[in-house]
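Before any comments, here is the structure.
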Amino acid sequence: MNLLDMIFLAFSNLWRTKLRTLLTTLGVIIGIGALTSMVSFGTGMQKNITDTFESNDLFTSITVTSKKVDLDEIVSGNVGEMTEALNRESTPLTDSILQAIRDLDGVELAYPNMEFPVRLNLLGDSSSTRLQALPAGIAKHKPFTELLAGSFFENDSANVIVLREEILSKLNIKLYKEGKRNVLSKQDSAKGVKLMHADSIIGRTIDIASISLNPSKVPNAFFSMLRDKPEMPFDETITTLEISGILKRAGQFGSNMFSGGAIIPAGTAQKIPKLEFSSVWDILDNKNQKGTYGSIHIRLKDMKKMDEVKASLDAMDVGTFSIADQLDDIKRAFLVFDSILGAIGAIALIVAGLGIINTMVMTILERTREIGIMKAIGGSEKEIKMIFFVEAGVIGFVGAIFGLLLGWLVTRVANVVMNAQILPEGVDPVNLFYFPVWLIMGAIAFSILISLAAAMYPASRAARIDPVRALRHD
Amino acid sequence: MALIQTINLSKTYRKGKLEIHALKNASCEIEPGDFVSIVGKSGSGKSTLLNLIGGLDRASSGSIVFGGNDLRQLSKSEMANHRRFSVGMIFQSFNLIQSRNALENVELALTFGGVSRGKRKPRATELLTKVGLEERLTHVPDELSGGETQRVAIARALANNPKVLLADEPTGNLDSETSNEIIDLLIDLNKNHGITIIMVTHDLETAEKVSNLILKLKDGEIIEKLEKREAE
Numbered sequence: 409m410n411l412l413d414m415i416f417l418a419f420s421n422l423w424r425t426k427l428r429t430l431l432t433t434l435g436v437i438i439g440i441g442a443l444t445s446m447v448s449f450g451t452g453m454q455k456n457i458t459d460t461f462e463s464n465d466l467f468t469s470i471t472v473t474s475k476k477v478d479l480d481e482i483v484s485g486n487v488g489e490m491t492e493a494l495n496r497e498s499t500p501l502t503d504s505i506l507q508a509i510r511d512l513d514g515v516e517l518a519y520p521n522m523e524f525p526v527r528l529n530l531l532g533d534s535s536s537t538r539l540q541a542l543p544a545g546i547a548k549h550k551p552f553t554e555l556l557a558g559s560f561f562e563n564d565s566a567n568v569i570v571l572r573e574e575i576l577s578k579l580n581i582k583l584y585k586e587g588k589r590n591v592l593s594k595q596d597s598a599k600g601v602k603l604m605h606a607d608s609i610i611g612r613t614i615d616i617a618s619i620s621l622n623p624s625k626v627p628n629a630f631f632s633m634l635r636d637k638p639e640m641p642f643d644e645t646i647t648t649l650e651i652s653g654i655l656k657r658a659g660q661f662g663s664n665m666f667s668g669g670a671i672i673p674a675g676t677a678q679k680i681p682k683l684e685f686s687s688v689w690d691i692l693d694n695k696n697q698k699g700t701y702g703s704i705h706i707r708l709k710d711m712k713k714m715d716e717v718k719a720s721l722d723a724m725d726v727g728t729f730s731i732a733d734q735l736d737d738i739k740r741a742f743l744v745f746d747s748i749l750g751a752i753g754a755i756a757l758i759v760a761g762l763g764i765i766n767t768m769v770m771t772i773l774e775r776t777r778e779i780g781i782m783k784a785i786g787g788s789e790k791e792i793k794m795i796f797f798v799e800a801g802v803i804g805f806v807g808a809i810f811g812l813l814l815g816w817l818v819t820r821v822a823n824v825v826m827n828a829q830i831l832p833e834g835v836d837p838v839n840l841f842y843f844p845v846w847l848i849m850g851a852i853a854f855s856i857l858i859s860l861a862a863a864m865y866p867a868s869r870a871a872r873i874d875p876v877r878a879l880r881h882d
Numbered sequence: 004m005a006l007i008q009t010i011n012l013s014k015t016y017r018k019g020k021l022e023i024h025a026l027k028n029a030s031c032e033i034e035p036g037d038f039v040s041i042v043g044k045s046g047s048g049k050s051t052l053l054n055l056i057g058g059l060d061r062a063s064s065g066s067i068v069f070g071g072n073d074l075r076q077l078s079k080s081e082m083a084n085h086r087r088f089s090v091g092m093i094f095q096s097f098n099l100i101q102s103r104n105a106l107e108n109v110e111l112a113l114t115f116g117g118v119s120r121g122k123r124k125p126r127a128t129e130l131l132t133k134v135g136l137e138e139r140l141t142h143v144p145d146e147l148s149g150g151e152t153q154r155v156a157i158a159r160a161l162a163n164n165p166k167v168l169l170a171d172e173p174t175g176n177l178d179s180e181t182s183n184e185i186i187d188l189l190i191d192l193n194k195n196h197g198i199t200i201i202m203v204t205h206d207l208e209t210a211e212k213v214s215n216l217i218l219k220l221k222d223g224e225i226i227e228k229l230e231k232r233e234a235e
């Protein structure tokens with residue numbers, strides 16, 4: 409009797425007891441469904457996060473800081489170590505350091521981090537945000553290659569601005585999207601929200617209000633404190649720029665890593681009067697002298713250059729931070745997360761395995777005489793055992809296929825519900841669940857394995873049945 | 004050389020502390036082409052002897068040589084092969100698989116015999132036609148009469164061309180007319196197809212009519228051997 413014969417025999421035997429087979433298989437289906445939907449949530453989270461890193465080109469970027477801060481020291485929570493880390497003697501990030509970094513082999517782009525608060529004014533609506541100044545060279549790097557409309561600037565001193573999609577809603581603009589319901593709600597209309605094509609925004613001018621410190625006003629400001637209407641020691645400057653492009657919304661995972669609402673060329677930013685700090689701490693921290701930068705961003709030509717460049721940076725005695733360093737930790741954390749989810753699902757599958765044992769023991773009691781007959785007409789112990797193993801294997805396989813289907817359906821529904829709950833309106837839905845090939849194959853293999861393990865005792869019991877007694881059995 | 008030779012064959016069962024000697028020092032020789040009847044009262048050891056020859060059971064002592072092989076020395080899988088190819092068995096209670104029709108019951112034996120998928124159905128049909136059931140191929144046992152059911156069992160027993168057909172009271176559940184038909188079928192298989200038949204029966208009259216060797220058993224011992232070999 410070959411395997412194919414046994415598979416046919418198994419199917420016909422299982423078909424004879426349809427209801428029982430169905431119920432037993434249902435146990436496996438639910439087990440596999442629970443297991444795969446759980447694990448697919450873990451893998452989905454991991455995929456979303458790594459995809460976001462990937463799409464933002466974080467694996468080729470390094471941030472250089474003046475202080476050598478060891479993340480572990482801060483995370484460990486030891487106050488002494490933290491204080492020591494923060495007060496450690498640092499190398500100021502000067503222009504000469506910047507130039508030295510630019511000259512390193514493997515560095516494609518190095519630019520100081522420059523962000524300052526502004527108020528944007530477009531079509532009568534305004535919103536405050538932070539303006540990020542970037543070199544034109546960044547244009548060919550992700551995520552700056554992903555534009556909804558228009559183009560990124562190619563010139564460091566062009567009088568243009570690139571808006572992020574996120575800022576538009578704050579400016580009361582709703583983008584017209586192909587294939588979506590492009591209707592303004594009542595609340596939107598009341599607020600004066602405008603429905604616009606992304607293309608129609610390109611080429612328009614936008615007013616940028618920035619503030620700068622006016623030293624001559626400081627004494628007046630001091631006296632004005634005593635009066636009813638205090639006068640602040642700041643000047644407000646309006647700069648008008650042309651909108652050259654709209655950047656696509658960043659991934660839902662880690663979108664807050666990019667705080668600026670708009671981007672302007674680095675050269676243009678220098679011409680705009682502004683406060684030379686982006687937070688109060690910059691003023692209080694007197695080490696941040698004029699002519700030095702808080703941090704420098706580096707884009708590498710290739711991910712493989714990471715170690716080489718980091719070694720050179722270490723030699724310069726500056727601090728470095730890269731997501732790539734954290735990747736192993738992230739992967740390890742997800743392995744634990746996935747294992748916990750998997751274990752919960754596996755419990756369901758083990759319960760299903762007990763169901764299989766129960767069903768098969770019952771079946772053997774019922775089919776004792778039949779087993780005797782099979783032995784009498786020449787069935788060997790090995791064949792009888794195999795017949796029961798194949799029956800269990802078929803339950804495991806069919807259960808896995810439909811279990812995967814169930815898991816997939818459940819995750820589809822959960823995805824819709826969760827997207828509706830957590831995402832703001834107008835954002836493209838995210839796939840929170842992910843079924844990689846290894847999960848599908850693994851689920852099938854695991855299901856068959858559990859089923860075979862469950863059949864071990866019943867099958868060997870069936871094989872050992874004494875045919876003489878079995879033939880007398882009623 | 005004898006086809007089957009048993010020397011001092013014994014079988015002892017244990018039932019708790021009790022030892023039951025189902026068969027004691029049974030010695031006999033069966034030649035190819037014999038029609039052997041084993042007669043005796045219930046519990047005399049008839050079926051035990053048949054089961055030992057059929058390889059369903061193993062002897063406690065003595066030897067049983069079948070076609071030159073000592074059955075006591077065969078491994079489990081060799082014993083399965085013996086049941087599969089050397090002997091065919093039929094029973095008083097027919098022992099067909101109730102959920103399978105006549106064709107499928109015969110095909111199952113062919114499957115164990117390693118007959119390829121495509122050849123099973125024609126071969127099973129041929130066997131069932133041979134026993135006169137060409138019209139009843141797709142009937143399940145419940146839809147067949149006792150005689151028809153036993154014919155299906157005979158067809159199944161013959162599936163892998165055994166040399167010997169072992170029949171354990173094949174007519175015990177049948178009326179006399181149907182019994183005669185089954186006996187006639189066995190005689191036909193013996194006379195015209197050269198199949199050695201060993202039949203357990205209560206019915207001494209039939210045994211005397213059809214067999215050339217009668218083994219009378221009492222309390223597990225062969226008490227009488229009646230041979231008509233020369234007369235035939």
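Residue numbers (our numbering), protein chains in the order written: chain A, 409 to 882; chain B, 4 to 235. C-beta atoms are modelled at their ideal positions from N, C-alpha and C, and glycine is treated no differently. This one's a predicted model, so the numbers in the text were calculated from it and none came from an experiment.
Report task. State the CB to CB distance for the pair A/ALA760 and A/GLY441, rounded to an integer number of angstroms; the pair is presumed to be in contact (CB under 8 Å). Result -> Not confirmed; about 10 Å, so no contact.
Query raised in the report: Where does B/LYS166 fall in DSSP's three states?
Result: B/LYS166: coil per DSSP, three-state reduction.
**Report entry** 9 Å Cβ cutoff met for A/ALA541 and A/GLU562
**Finding:** Result no, Cβ atoms of A/ALA541 and A/GLU562 do not sit closer than 9 Å.
Query - Run of the alpha helix (DSSP H) containing A/ASN827, from where it starts to where it stops - result: 789–830 is the extent of the alpha helix (DSSP H) around A/ASN827.
Requested in this report: Enumerate, from N- to C-terminal direction, the unbroken beta strand (DSSP E) stretches of 3 or more residues contained entirely within the segment 553–611 of chain A.
Outcome: Listed in chain order, the complete beta strand (DSSP E) runs (minimum 3 residues) inside the segment 553–611 of chain A are 555–558, 568–572, 581–583, 602–604.
**Report entry** chain B contacts made by the segment 785–802 of chain A, where a contact means CB separation under 8 Å
**Finding:** So the close ones are ILE785, GLY786, GLY787, SER788, GLU789, LYS790, GLU791.
Query raised in the report: Are A/GLY804 and A/VAL447 closer than 9 Å when you measure CB to CB?
Result: No; because the gap between Cβ atoms is not below 9 Å, this pair is not in contact.
Query raised in the report: For B/PHE94 and chain A, any beta-carbon pair shorter than 9 Å?
Result: Taking Cβ atoms only, chain A reaches closer than 9 Å to B/PHE94, which makes this a yes.
Query raised in the report: Mapping DSSP to helix, strand and coil, what is B/SER78?
Result: Annotated three-state conformation of B/SER78 is coil, per DSSP.
Query raised in the report: Using a beta-carbon distance cut-off of less than 8 Å, what residues from the segment 768–781 of chain A approach chain B?
Result: Result list: ARG777, GLU778, GLY780, ILE781.
Query raised in the report: So, A/LEU879 versus B/PHE94, is the Cβ gap smaller than 9 Å?
Result: Less than 9 Å separates the beta-carbon of A/LEU879 from that of B/PHE94.
Query raised in the report: If you drop the 5 nearest sequence neighbours on each side, which residues of the same chain put their C-beta closer than 7 Å to that of B/GLY48?
Result: Closer than 7 Å at the Cβ level, and outside the excluded window around B/GLY48, lie ALA25, LEU26, LEU220, GLY223.
Requested in this report: Report buried or exposed for B/PHE69, applying the criterion of at least 16 other Cβ atoms within 10 angstroms of its Cβ.
Outcome: With 16 or more Cβ atoms within 10 Å of its Cβ, B/PHE69 is classed as buried.
Report task. Rank A/ALA677, A/THR444, A/GLU774 by C-alpha distance to the C-alpha of A/ARG428 and give the top, closest one. Result -> Comparing Cα positions, the closest option is A/GLU774.
Query raised in the report: Which residues bound the beta strand (DSSP E) around A/PRO673?
Result: 670–673 is the span of the beta strand (DSSP E), which, as asked, contains A/PRO673.
Query raised in the report: Does the beta carbon of B/ILE1 come closer than 9 Å to any beta carbon on chain A?
Result: Because residue 1 of chain B is not part of the residues shown, which for chain B are 4 to 235, the question remains open.
**Report entry** Members of the segment 53–81 of chain B near chain A, C-beta cut-off 7 Å
**Finding:** Residues of the segment 53–81 of chain B with a C-beta less than 7 Å from any C-beta of chain A: ASN54, LEU59, ASP60, LYS79, SER80, listed in chain order.
Query - N- and C-terminal bounds of the alpha helix (DSSP H) containing B/TYR16 - result: Not the alpha helix (DSSP H): B/TYR16 falls in the beta strand (DSSP E), residues 7–18.
**Report entry** Partner residues on chain B for A/LEU879, Cβ-Cβ distance less than 7 Å
**Finding:** The answer, in chain order, is PHE94, ASN98.
Report task. Please check the pair B/ALA170 and B/LEU189, which I expect to be a contact at CB under 8 Å, by giving their CB distance rounded to whole angstroms. Result -> Separation of the CB atoms of B/ALA170 and B/LEU189 is rounded to 7 Å, and the pair is thereby assigned contact status at 8 Å.
Query raised in the report: What are the boundary residues of the alpha helix (DSSP H) that includes A/ASP413?
Result: Run containing A/ASP413: 411–424, per the alpha helix (DSSP H) assignment.
Report task. Output, in chain order, the set of chain B residues within a Cβ distance shorter than 8 Å of A/ARG872. Result -> Per Cβ cutoff of 8 Å: no residues; A/ARG872 is ~10 Å from chain B at best.
Report task. With DSSP as the reference, please indicate the residues paired to A/THR473 in a beta bridge. Result -> By DSSP's assignment, A/THR473 forms a beta bridge with A/SER703, A/GLY727.
Query raised in the report: Taking one C-beta from the segment 667–674 of chain A and one from the segment 568–580 of chain A each time, how about it: are there three or more such pairs within less than 8 Å?
Result: The segment 667–674 of chain A is in contact with the segment 568–580 of chain A.
Query - chain B contacts made by the segment 411–435 of chain A, where a contact means CB separation under 7 Å - result: Taking 7 Å as the Cβ-Cβ cut-off against chain B, the residues of the segment 411–435 of chain A that qualify are ASP413, ARG424.
Query raised in the report: From the beta carbon of A/MET409, is the nearest beta carbon of chain B less than 9 Å away?
Result: It does: the Cβ of A/MET409 has a partner Cβ on chain B nearer than 9 Å.
Query raised in the report: Who are the near neighbours of B/ILE201 in its chain, counting only those whose CB is closer than 6 Å to its CB and skipping five residues on each side?
Result: The residues are VAL39, LEU169.
Report task. Using the DSSP secondary-structure output, state which residues sit across from A/GLU650 in a beta bridge. Result -> In the DSSP secondary-structure assignment, A/GLU650 is bridged to A/VAL568, A/THR613.
Query raised in the report: How long is the line joining the alpha carbons of A/MET714 and A/VAL472, rounded to whole angstroms?
Result: Their Cα atoms are separated by approximately 13 Å.
Requested in this report: Please decide whether A/PRO875 counts as near chain B, where near means a Cβ-Cβ distance under 9 Å.
Outcome: A/PRO875 counts as touching chain B.
Query raised in the report: When the distance is taken between beta carbons, is A/GLY780 closer than 9 Å to A/HIS881?
Result: Taking C-beta atoms as the reference points, A/HIS881 and A/GLY780 count as a pair closer than 9 Å.
Requested in this report: Can you give me the Cβ contacts of A/ILE830 inside the same chain, cut-off strictly under 6 Å, excluding the 5 residues immediately before and after it?
Outcome: Cβ contact annotation for A/ILE830 (same chain, cutoff 6 Å, sequence separation greater than five): none.
**Report entry** Inter-residue Cα distance where the pair is B/ILE157 and B/HIS205
**Finding:** About 20 Å.
Requested in this report: Tell me, please, whether the CB atom of B/ALA162 is closer than 9 Å to any CB atom in chain A?
Outcome: Chain A contact via Cβ: present.
Report task. Check each candidate in B/ASN195, B/SER182, B/ASP191 and name the one with the smallest Cα separation from B/GLU208. Result -> B/GLU208 has its Cα closest to that of B/SER182, out of B/ASN195, B/SER182, B/ASP191.
Report task. Along the alpha helix (DSSP H) that carries A/ALA547, what are the first and last residues, could you check? Result -> No alpha helix (DSSP H) holds A/ALA547; DSSP gives it neither H nor E.
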